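Residue numbers (numbering that gives the first Met the number 0), protein chains in the order written: chain A, 0 to 329; chain B, 0 to 318. Have a look at the structure below before the remarks.
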Amino acid sequence: MLSQSTQLEVKNLTTCFRTSKGNVMAVDEISFSLKKGETLCIVGESGCGKSVSALSIMGLLPPSGYVKSGSAIFQNNDLLLMTTKELEKLRGNRISMIFQDPGSSLNPVMRVGDQVSEIFQIHLNISKQEGQKKALEMLKQVEIPDPESRMLAFPHELSGGMAQRIMIAIALACNPDILIADEPTTALDVTIQSQILNLMSEMQLKTQTAIILITHDLGVVAEMADNVLVMYCGQVVEYGDVKTVFNSPIHPYTKALMKSIPIIGKKTRRLDAIPGRVPSLDMLPSGCRFERRCAEKNDNIVSNCQNKIPPIFNVDSVHGSRCWLEKGNE
Amino acid sequence: MSKLGKVSKNLSENIDEELLLQKPVSVWKRTIKRLLSKRSGKIGLLLICFIFIIAIAAPVIAPYDPQEVLIGKEIVKLKKREAPCIHVFGCDQAKPQHLMGIDGNYRDQFSRIIYGSRISLSIGFSTVSFAVIGGVLLGALAAFFGGWIDNIIMRMMDVILGFPSLLLAIAIVAVLGPGIRNALLAIAIVTLPAYARLTRASVLTVKELDYVKASVALGASPTRLLLFRILPNSLTPIVVLATLGIATAILDAAGLSFLGLGAQPPSPEWGTMLGSERNQVFSAPHLVFFPGIAIMITVLAFNLFGDGLRDALDPRLND
Chain A
0 MLSQSTQLEV KNLTTCFRTS KGNVMAVDEI SFSLKKGETL CIVGESGCGK SVSALSIMGL
60 LPPSGYVKSG SAIFQNNDLL LMTTKELEKL RGNRISMIFQ DPGSSLNPVM RVGDQVSEIF
120 QIHLNISKQE GQKKALEMLK QVEIPDPESR MLAFPHELSG GMAQRIMIAI ALACNPDILI
180 ADEPTTALDV TIQSQILNLM SEMQLKTQTA IILITHDLGV VAEMADNVLV MYCGQVVEYG
240 DVKTVFNSPI HPYTKALMKS IPIIGKKTRR LDAIPGRVPS LDMLPSGCRF ERRCAEKNDN
300 IVSNCQNKIP PIFNVDSVHG SRCWLEKGNE
Chain B
0 MSKLGKVSKN LSENIDEELL LQKPVSVWKR TIKRLLSKRS GKIGLLLICF IFIIAIAAPV
60 IAPYDPQEVL IGKEIVKLKK REAPCIHVFG CDQAKPQHLM GIDGNYRDQF SRIIYGSRIS
120 LSIGFSTVSF AVIGGVLLGA LAAFFGGWID NIIMRMMDVI LGFPSLLLAI AIVAVLGPGI
180 RNALLAIAIV TLPAYARLTR ASVLTVKELD YVKASVALGA SPTRLLLFRI LPNSLTPIVV
240 LATLGIATAI LDAAGLSFLG LGAQPPSPEW GTMLGSERNQ VFSAPHLVFF PGIAIMITVL
300 AFNLFGDGLR DALDPRLND
């Protein structure tokens, strides 16, 4: 059923957290598929479940979290059913991950070269000398100036951008099929951001790695994504390819997000903001989760909005929205 | 315009070259540098080096065998517990020189003090390494696995901490029998919980840091995480405590020996020497004074060094 090029097929993934207020659903039935060499961006505001869905796929949820249902099929195996041992073999080898703050993602007491070569030793079972050689090659590939002497540096001697390059080198060392990047540029300044994004695109072209990019920066999405998944309160509210979602967003939340991007040169007194607050995950409304902040609800459908969670309506084969307004347009 | 561009390009190249010339400074080099910039660290390190040299070169420095009874072996007849005879200070040239006098068994006190440094240092280091290895292992396991393992290990440590340490050490020696090896074991067991607690606290913090999570995401096994990520990053406070612990261990061992539970008489242990001559404090003060001073200097050296090390390793105190 899976086509040859599909790397990852996530279906109805639901993740819960045990809290003092009972079980809270952080990710609610999200589904997506990822093809070879493709970039999928997951966008949404803080706490909407972007990172948690990535962590669920990797099996890295904190002890209070658990996957309630769903599947994540990777090479005919369900990642969510794997044992820790099996996952260990995949992590860093077939599926890699890079994190938000490169400065704190590297082990401070180990030389950078050793950290890169370690990944080869773990997954390819090769000697330290060979690992070092490969590590040097990797550092050259991620365009680190003077890689020979950088091999001997400690992480605190590197700038943020340099450290993120090292992280990318480690993550891509074993030519993974999937790279999950959890806000890889949030901690970096803007010029370094674009360098890192460019590097990721270049590496992707070379290795055909599929990337899941988690971000809340719509600029990054526009630059990198093939497909976009917009999340709100743990649910996917809109998905589609990047051009469609940016040019003709249909979900009111996506539209509001697009409107709130400042445009340089355009004179506006205040930026558009979405009124209200994100509802707390332990007190979710029974209907559409965006209903209270929605600008487009109208009297014809408002009872629907308040009482029933809308399903995802597919506008066309690659574009869908979780909004009652689309009920007729399906 | 183009000239300007060229100049700035040259400039940036120069800066790059300068950056490249800077050798990465290792953590240890920096620590030693900072340690030596403080007076306490400097004096402590100096004293420790001094004691080490004495211990290593003991056969060269000491004029006599520490256990040799000198009755009838000297030209001038020796008295029991004879006061120090130092030629520079006007002692009769005909008499053989005894820098710290003669003890109750006609042995040269100076040689015994010199050889005693060997025993004290080895006691200090072996007890502490024993306690550190055990404590770090237990503490790390407790923190890393948590749950019931944590509970069992830490409650055991709490029980040990519940006793006054010297009293527990005496009890352990009483069960195992007196002797230097048992005293050493007793002190190690008594000091172990401190290391276990410290390690646990420090591992608990490091465990939650980003680079540990990043390593999990990149496929590191739990063993690798513990040995190469978490432990090296939580060792700093343990190194400091261990240095200070050497001083305590030496003191405790001397105490046990003083009570007759540690090193047994012929061996030139400072505490034993103190203990066996304690009734002669007024008639032969040199026999109590010198071992006491030796213990004090050694303990002081490690305390000063430990303090200096703590300052040097504390990231909050910048140079």
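Using N, Cα and C, we set each Cβ at its ideal position, and we do this for glycine too. Quantities reported herein were computed from a predicted structural model and do not represent experimental measurements.
Under a criterion of Cβ atoms nearer than 7 Å, the residues of chain B adjacent to F98 of chain A are, in order, D209, A213.
Those residues of the region 158–171 of chain A placed with their C-beta closer than 8 Å to a C-beta in chain B are M166, I169, A170, ordered along the chain. Listed along chain A, the residues sitting closer than 7 Å to R228 of chain B by beta-carbon distance are N106. Inclusion of E67 of chain B and R106 of chain B in the CB contact set at 8 Å is warranted, their separation being smaller than that value. Within the region 168–209 of chain B, the complete alpha helix (DSSP H) runs of at least 4 residues fall at 179–206.
Boundaries of the alpha helix (DSSP H) around H285 of chain B: 285–312. In this structure, G69 of chain A lies away from C15 of chain A, with their beta-carbon atoms at least 8 Å apart. Counting along the chain, the unbroken alpha helix (DSSP H) around E129 of chain A starts and ends at 127–140.
Scanning A:G319, A:Q131, A:N22, A:A25 for the CA closest to the CA of S148 of chain A turns up A:Q131. Considering only beta carbons, no part of the region 171–184 of chain A lies closer than 7 Å to chain B. Taking the Cα of W269 of chain B as reference, the smallest distance to any Cα among B:D102, B:L240, B:I148 is reached at B:D102. Along the length of the region 42–82 of chain A, whole beta strand (DSSP E) runs at least 3 residues long occupy 64–73, reported in chain order. Assignment of L280 of chain A by DSSP, reduced to helix, strand and coil, places it in the coil class. Contact fails between the region 247–266 of chain A and the region 275–286 of chain A, because fewer than three Cβ pairs, one in each stretch, are under 8 Å apart. Between I56 of chain A and V23 of chain A, the gap from beta carbon to beta carbon reaches 8 Å or more.
Within chain A, the residues placing a beta-carbon under 7 Å from that of A219 of chain B are I121, ordered along the chain. For H155 of chain A, the three-state secondary structure derived from DSSP is helix.
For E8 of chain A, the uninterrupted beta strand (DSSP E) run begins and ends at 5–18, by DSSP. Considering only beta carbons, no part of the region 261–282 of chain B lies closer than 8 Å to chain A. At a cut-off of 8 Å between C-beta atoms, A216 of chain B counts as an interface residue with respect to chain A. Judged by DSSP in its simplified three-state form, T267 of chain A adopts coil rather than helix or strand. Bounds of the beta strand (DSSP E) holding G21 of chain A are 21–34. For T184 of chain A, there is no enclosing alpha helix (DSSP H), as DSSP marks it with neither H nor E. Using a 10 angstroms sphere on the CB of N106 of chain A, the tally of other CB atoms reaches 16 or more, which defines it as buried.
With respect to the C-alpha of L39 of chain A, the residue from A:N226, A:V241, A:S302 having the closest C-alpha is A:N226.
Sequence-distant partners of Q120 of chain A (beyond 5 residues in either direction) whose C-beta falls short of 6 Å from its own C-beta, in its chain, are G130. For a Cβ distance threshold of 7 Å, residue set V108 of chain A lies close to P231 of chain B, ordered along the chain. Exposed is the label assigned to F88 of chain B, since fewer than 16 other Cβ atoms lie within 10 Å of its Cβ.
If you draw a straight line from the Cα of D310 of chain B to the Cα of W27 of chain B, it comes to about 14 Å. Think of a sphere of 7 Å around the beta carbon of N92 of chain A: the chain B residues whose beta carbon falls inside it are G218, in chain order.
Beta-bridge pairing by DSSP links M230 of chain A to A:V235.
Proximity to F73 of chain A across A:F31, A:P101, A:Q114 peaks at A:F31, based on C-alpha coordinates.
Beyond the five residues adjoining it in sequence on each side, S214 of chain B comes within less than 8 Å, by CB distance, of R223, L224, R228 in the same chain, given in chain order. The region 231–250 of chain B makes contact with the region 201–211 of chain B: 3 or more CB pairs, one atom from each, lie closer than 8 Å.
Between S95 of chain A and chain B, the shortest Cβ-Cβ separation is below 8 Å. Along the region 40–103 of chain B, the alpha helix (DSSP H) occurs as fully enclosed runs of 4 or more residues at 57–60, listed in sequence order.
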